[in-house]
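A.B. asks: First to last, the protein sequences are chains A and B.
Using my numbering, read the first sequence as starting at 1229 and increasing by one per residue.
Using my numbering, read the second sequence as starting at 153 and increasing by one per residue.
For every residue, glycine included, the Cβ atom is placed at its ideal position computed from N, Cα and C.
Computed from a predicted model, the values in this text were never measured in an experiment.
Please read through the structure below; I'll follow up with questions.
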Amino acid sequence: MTDWSRISDRWRPAAAAVALVAVAFVVAGLALAAYGDRLYRAQKTKEIEVQAQIVADSVTAALAFDDQSVAQEYVNALRANPEVEAAGVYDERGALAASYARSRADAPPQTVRLAGPTFQGSHVRVVAPVVQNGARLGAVYLQAATEPTIRRLARYGGAALLALMAALVIAVLAAAQATLRTVNRALRDRAHDLAEANQMLRVQIAERERAEEALRQSQKMEAIGQLTGGVAHDFNNLLMVVSSGLDLMERTTNPERRAMLRDSVRQALDRGASLTRQLLAFSRRSALKPEVVDLKAQIEGTQVLLERSLREDITVEMDLADDLWPVEIDPSQLELSLINIAVNARDAMPSGGLLRVTAENRPGLAEDGPARRLCARHRHGQRRGASTPSCWTGCSSRSSPPRRVGRGTGLGLSQVYGFTPRLGRGRCASAAASARARRSPCTCRARTRTWPPGRRRRRRPTRRAAAAGCAAVEDDESVAMLVGEMLTELGYEPSRAATAEEALRRLEAGGRFDLVFSDMVMPGAMNGIELAREIRRRLPALPVVLTTASARPSAAATAEGLRLVLKPYRIDRLAAELEAARSGRRTAAGGR
Amino acid sequence: MSARRPASSTAPGRVPALVLAALALAGAPAAARANPLETAIKATFLYKFAAFVDWPDRAFPSPNSPVTICVVGKDPLGPTLDRAVNGQRLGARPITVRRVARLDAQSGCQILYAASPKDSADALKAAHGAPILTVTDAMPDGVDSSGGIIQFVVRENHVRFYIDEAQAQGSGLSINAKLLSLAVSVKGRS
């Protein structure tokens, strides 16, 4: 106990001081007692002397004229004072004239001589002269009892004891104070240590967080690495379809066959586009295109797709309420999510089972209104007749069931993970990693909406009656060529510029331009947005339509109220946007 | 103030020296039948009275002049008085005794004692109004208003005295209350 030794070290001077104070108290008490004793004796002596003097003054006449009876009366009057033990009146020759004694032992002497007061034990004796008008007539002797010394000492002892106790109290208080100070110091030290430890812990936590972030990044990189293989495989298949489709189209003139081939090529391209969307969604750089959808119809539409992506030993069950509220959601992302969840569910059920997709209205869930709940469940087939459905969640990549390397791209759950938190208030209710997560449903809440007035219908792109001048800004040669073809097809007269600066020069040079269609990410000093700003400044009447494939520039464009077409787009979409831009209307997308 | 506390009416038997066996005949003149013990007591009393009386300043020629006891006429005390007074002092004043045939202005007495009635009558007349403590023996039949300021009397075999305080006041004397308290009786002041 170093603390205690420290305390006792600190205590040593304090203890010495306390002992000194105690000794001082005792000495002072003794001195006081001695002084008090002296004072008492002096006072007692004075008292008896005064009494003797009073008697002496009273008995003058009686003594002078030998009236012994009167003298005796005076002496007897002293009986009233219990302290007086003996008294005697002596005439001028020193002979006893009258006397009084409380006991035989206290009898006054037969003769007396004038002398000062004397103490003998607890008795005091005084002799007072009897004088009248300067004539000495005799003497008075008095013997009185004083308080016994032992009793006086006992009284002083009591006082000394009190003083000692006072000293003790002071000592105890001082000790308490010293201890308190020591403990306070120890507490302060401990608090300081604690603060330091806390600081160290914070540093460690920050380091750990950095390490975890790095780990996540590396995991992501690893996932991307794994993805690349799968994506390349998918893309190769798509390219195969496109390539073979085009080859076959060149060799046949049968319009039915050509239409079939064209459809298959178109399908492959759509899949490719959806794949890139998936990739972008994974990297979180895709702009969502939410619209108000009927969940029941949307989910039922995916059933065939689901069944195709699952095995025969897995049954798909749809449990969809009829009165589902309309929700605002990106339909393709929703489909992808469902497919990804299903694929993961398939991997989690190697021996087959049941996959149930549920959608229901849950008014209580939403914080700001009714919410929808989607649920995908699967039941393990290993336990035949198992009545308890076990749920698996695909909401978080962490809670995904263990996958074997080489099975699919691994993109699925990442897509779900990226998609659900982006639905505004959408969120996965089930918590992350735990064994129980496999039994809990994936609950995703979506913002509910009312149907917009009149659904938008797709219009067939119509060729414009009169050709309009159009400046197309695109750095990629092949893309530029195809975009030019599409613009020509739509009745525009495209004029291509490779950079923003070149486009500005063309516009400055004059010529009839009805609108500018520009890519957003381009080489050179200006990007698409800056070009649009410049055009708006110089030629406010000239409409500008931008296009991009990435999410961040698109968000910037919509923030500035610029019209935007997301890549990849189809010709009818492009036709609608350009027409809207020329007519000055704003589409829902553009307005957002 | 006429009725003073009477002096001890009962003597507790501690005064054998004062037993006056010779005083068998109360009616006989005190001076004629005085025995030595009575004489000695009277002599002692005479000078002791001085301690209980205050004289006016005019009674003494100087602060240190003695207190003079004058015995007028017949002297029954004789050398007893001289022995008793010898060496006694009243503060700074010595006490002396003078014997005179008759009192006059040159006598310089502060205390006068006249034993015989004849002498006392003259002396008292002479001392009237003067600051002199006059002491006489009382008549056998009682206190005589024509006696001195203090009159000796023998009661129950003790020498006692009367005090005429009125006469003392007339003479400019002041008598201590302690002395008054020992008197057999006091004639109070007017």
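Out of T1727/A, I1757/A, L1743/A, point me to the one whose CA is closest to P1751/A's CA.
C.D. replies: T1727/A
A.B. asks: Within 10 Å of its beta-carbon, does E1805/A have 16 or more other beta-carbons around it, so buried, or fewer, so exposed?
C.D. replies: buried
A.B. asks: Please state the DSSP three-state secondary structure of D1747/A.
C.D. replies: In the structure shown, D1747/A sits in a strand (DSSP, three-state: E or B).
A.B. asks: Tell me, to the nearest whole angstrom, how far the beta carbon of P283/B is from that of G324/B; I am working on the premise that it is less than 8 Å.
C.D. replies: About 5 Å; that satisfies the 8 Å criterion.
A.B. asks: Can you pull the chain B residues whose beta carbon is under 9 Å from the beta carbon of A1292/A, in chain order?
C.D. replies: T196, F197, K200, F201, A203, F204, K330, L331, L334
A.B. asks: Mind checking if G1195/A is an interface residue toward chain B, Cβ cutoff 7 Å exclusive?
C.D. replies: Given a span of 1229 to 1820 for chain A in the structure shown, any question on residue 1195/A remains unanswerable.
A.B. asks: Identify every residue that forms a DSSP beta bridge with D1319/A.
C.D. replies: G1366/A.
A.B. asks: When the cut-off is 7 Å and only beta carbons count, does I327/B lie next to chain A?
C.D. replies: Output row for I327/B: interface = no.
A.B. asks: For the alpha helix (DSSP H) containing Q319/B, list its first residue and its last residue.
C.D. replies: Counted as a single uninterrupted DSSP element, the alpha helix (DSSP H) harbouring Q319/B occupies residues 317 to 322.
A.B. asks: Which class does F201/B belong to by DSSP, given the choice of helix, strand or coil?
C.D. replies: helix
A.B. asks: Touch check for the region 1343 to 1362 of chain A and the region 240 to 255 of chain B: three-plus C-beta pairs under 8 Å?
C.D. replies: Yes, they touch.
A.B. asks: Please report the residue range of the alpha helix (DSSP H) in which Q1300/A lies.
C.D. replies: Segment 1296 to 1304, the alpha helix (DSSP H) holding Q1300/A.
A.B. asks: What does a CB cutoff of less than 8 Å around T196/B pick up in its chain, not counting 5 residues either side in sequence?
C.D. replies: The answer, listed in chain order, is A236.
A.B. asks: Under a Cβ-count criterion, where at least 16 other Cβ atoms within 10 Å of its own Cβ denotes burial, should A1420/A be classed as buried or exposed?
C.D. replies: It is worth fixing the name first, because residue 1420/A is His in this sequence and not Ala. Exposed.
A.B. asks: Mapping DSSP to helix, strand and coil, what is S326/B?
C.D. replies: strand
A.B. asks: Excluding the 5 residues flanking A1261/A on each side, which residues of the same chain have their C-beta closer than 6 Å to its C-beta?
C.D. replies: Y1384
A.B. asks: Note down, in chain order, every chain B residue with its Cβ under 7 Å from the Cβ of A1284/A.
C.D. replies: Simply none; closest approach about 12 Å.
A.B. asks: With three or more C-beta pairs closer than 8 Å as the rule, is the region 1393 to 1400 of chain A touching the region 1244 to 1254 of chain A?
C.D. replies: yes
A.B. asks: Report the three-state DSSP secondary structure of R1740/A (helix, strand or coil).
C.D. replies: coil
A.B. asks: Taking contact to mean 3 or more Cβ pairs, one atom from each stretch, closer than 8 Å, check whether the region 1363 to 1381 of chain A and the region 1316 to 1330 of chain A are in contact.
C.D. replies: Taking one beta carbon from each stretch, the region 1363 to 1381 of chain A and the region 1316 to 1330 of chain A have 3 or more pairs nearer than 8 Å; the two touch.
A.B. asks: Relative to the C-alpha of A1244/A, which residue among A1391/A, E1807/A, A1323/A, A1402/A is closest?
C.D. replies: A1402/A
A.B. asks: Mind checking whether D271/B and V224/B have CB atoms under 7 Å apart?
C.D. replies: yes
A.B. asks: Going by DSSP, name the residue or residues bridged to L255/B.
C.D. replies: Its beta-bridge partners do not exist; DSSP assigns none.
A.B. asks: For R1380/A and V1249/A, I'd like the C-alpha separation in whole angstroms.
C.D. replies: 25 Å
A.B. asks: Can you name the start and end residues of the alpha helix (DSSP H) that R235/B belongs to?
C.D. replies: Annotation: the continuous alpha helix (DSSP H) that includes R235/B extends over 231 to 237.
A.B. asks: To the nearest angstrom, report how far apart L198/B and I221/B are at their CA atoms.
C.D. replies: 8 Å
A.B. asks: Can you give the Cα-Cα distance for L1538/A and A1570/A, rounded to whole angstroms?
C.D. replies: 7 Å
A.B. asks: Name, going along the chain, the residues of the region 216 to 245 of chain B whose beta-carbon falls closer than 9 Å to a beta-carbon of chain D.
C.D. replies: Here the protein chains are A and B, and chain D is not one of them.
A.B. asks: Could you check what DSSP says for L334/B in three-state terms: helix, strand or coil?
C.D. replies: helix
A.B. asks: Please confirm whether D1821/A has its beta-carbon closer than 7 Å to some beta-carbon of chain B.
C.D. replies: Because chain A in this structure spans residues 1229 to 1820, residue 1821/A falls outside the shown range and cannot be described.
A.B. asks: Does the count of Cβ pairs from the region 1481 to 1497 of chain A and the region 1542 to 1549 of chain A closer than 8 Å reach three?
C.D. replies: Put simply, the region 1481 to 1497 of chain A does not touch the region 1542 to 1549 of chain A. Fewer than three CB pairs are less than 8 Å apart.
A.B. asks: Work out the CA separation of T1410/A and A1247/A for me, nearest whole Å.
C.D. replies: 21 Å
A.B. asks: Let me know if F313/B comes out buried or exposed under the rule of 16 or more other beta-carbons within 10 Å of its beta-carbon.
C.D. replies: buried
A.B. asks: Taking only beta-carbon atoms, is G1362/A less than 7 Å away from chain B?
C.D. replies: Contact with chain B is found for G1362/A, since one of that chain's Cβ atoms lies less than 7 Å from the residue's Cβ.
A.B. asks: Give every residue of the same chain whose Cβ lies closer than 6 Å to the Cβ of R1353/A, excluding the five residues on either side of it in the sequence, and list them in chain order.
C.D. replies: T1346, Q1371
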